[in-house]
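Notes for the one structure printed next.
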Amino acid sequence: MNKIQPREILKLYKGLLRYGQELKLTDKDFYQKRLIKEFKLNKNLTDEADIKYNFEINSIMLLQRHLRACFGVFLRSKHSIDYSRVPLLKDEDLAEMHVRGSGPGGQKINKTSSCVVLKHIPTGIVVKCQETRFLEQNRKIAHDILLSKVDNFYNRENSVEAQIKSIQDKKSSTSQKKKEKMKFLKEKWKERETNN
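Here this note's numbering = 1-based position in the sequence shown + 1050.
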């Protein structure tokens, strides 16, 4: 049986104190005082079995903390969007034209060339943007729209837009199931109350 060294015990209690500073739903001062009190009670232990038992209990508590942290990262990554497949738009692959605008906005729109037409040469996708009166803003918006369309063209169900849509569909289906279950439970409750 390995003897537990005093420095291992100190390291463990320091780890528990650091853990106490990260708590959100527990009073940090209460946790710290309780831990110090426990340390003072256990520092005079001489029986090897008692020392080992207390050391293992506190080690398990720290291990559970690390597992919870890792599991939280896993849960957050489950719903995250993968941007690694988004294609890069090179300037040599784009053809940009500025044409006169039309529609609402008065005479200024009809006189200036603030409408941007972007064409992605390899795929042949064309985007026309005239959302604002300013050329630079229209250029940025057109670039974003073109990037989204090229991503949909190359990646299909793995595109960012498709990933966002699938996440929204999952959320809406789970909320719909919850609503249906609640409705069913309310109907059962009303039925039970009217029979009594």
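In this text, a Cβ means the ideal position worked out from N, Cα and C, and glycines have one as well.
If you draw a straight line from the Cα of S1223 to the Cα of V1210, it is about 20 Å long. Bridge pairing for A1192: absent [DSSP]. With respect to the C-alpha of I1101, the residue from K1078, C1165, L1062, L1139 having the closest C-alpha is L1062.
A direct Cα-to-Cα measurement between T1182 and S1164 gives close to 8 Å.
Excluding residues up to 5 positions away in sequence, P1137, L1139, H1170, T1173, I1175 lie with their Cβ nearer than 8 Å to the Cβ of V1200 in the same chain.
Sequence-distant partners of E1146 (beyond 5 residues in either direction) whose C-beta falls short of 6 Å from its own C-beta, in its chain, are L1168.
Counting of Cβ neighbours within 10 angstroms places Q1180 among the buried residues, the total reaching 16 or more. Per DSSP, the continuous beta strand (DSSP E) segment holding K1178 begins and ends at 1175-1179.
A1192 sits buried, since 16 or more C-beta atoms from the chains shown fall within 10 Å of its C-beta.
Counting C-beta atoms within 10 angstroms of its own C-beta, L1066 has 16 or more neighbours from the protein chains shown and is therefore classed as buried.
Taken through DSSP and simplified to helix, strand or coil, V1210 comes out as helix. In the DSSP assignment, E1058 falls within the alpha helix (DSSP H) that extends over 1056-1072. Beta-bridge analysis with DSSP links A1099 to no other residue.
In the DSSP annotation of this structure, the continuous segment of the beta strand (DSSP E) that includes K1169 starts and ends at 1165-1170.
Per DSSP, E1088 is not a residue of any beta strand (DSSP E); the alpha helix (DSSP H) it occupies stretches across 1078-1092. Under the three-state reduction of DSSP, L1075 is assigned to coil, being neither helix nor strand. Pairing Y1081 with L1091 gives a Cβ-Cβ distance that is not under 8 Å.
For L1139, the secondary structure class from DSSP, reduced to helix, strand or coil, is coil.
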